[in-house]
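Numbering-wise (the working numbering), the sequence shown opens with residue 197 and increments by one.
Virtual Cβ for every residue (Gly too), placed ideally from N, Cα, C.
Bear in mind that the values here come from a model prediction, so they are computed numbers and not experimental data.
Take a look at the structure set out below.
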Amino acid sequence: MAQGPVELIQRVPIFDGLERRDLERIAGSMKQRTFRAGDRVTSEGQGGVGFFVIEDGSAKVTIGGAERRTLGPGDYFGEVALLTDSPRTATITAETDLRCYGMTSWDFKPLVESHSSIAWHLLQAMAKNYQSPQH
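Shown next, in the form of structure tokens:
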């Protein structure tokens with residue numbers, strides 16, 4: 197079932213708790229992207245600048261050639277690419293036709309720079325993540 201980008205991105209932990217207007221600003225910078233079944237969306241170890249939230253379809257996540265999980269509607273990947281230029285940590289392959297909303301770091305950066313409420317929220321979300329037991 198299709199949802200709008202605002203409803204999809206509010207489920208992403210780094211955006212959880214943002215006010216509706218900030219979610220709408222982020223969603224307004226996202227573009228719908230489609231991938232055909234079998235397409236490689238990201239490649240482990242390669243550069244990546246895109247963040248994606250799946251609207252419809254499924255994708256397989258592999259790390260070191262081993263299948264780790266399947267992603268479906270509402271799942272997301274590439275959020276680190278919004279904040280850093282680090283290489284992709286996994287390969288994502290469309291299992292079915294895949295419809296996503298995506299954003300590049302160069303679209304995201306001006307939002308953060310011009311809307312302090314988004315920047316502050318991201319800093320808080322990253323600090324909470326850093327304080328988690330796995331770090």
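- Under DSSP, Thr238 takes part in a beta bridge, and its partners are Ile288.
- Counting the other Cβ atoms within 10 Å of the Cβ of Leu219 gives 16 or more, which makes it buried.
- In the three-state reduction of the DSSP assignment, Gly213 falls in the coil class, being assigned neither a helical nor a strand state.
- The Cβ atoms of Gly241 and Pro283 lie closer than 8 Å to each other.
- When the five nearest sequence neighbours on each side are left out, the beta carbons in the same chain lying within less than 7 Å of the beta carbon of Leu307 are those of Arg221, Ile222, Ser225 and Ile314, in order along the chain.
- In the DSSP assignment, Glu263 falls within the unbroken beta strand (DSSP E) covering Ala262 to Leu267.
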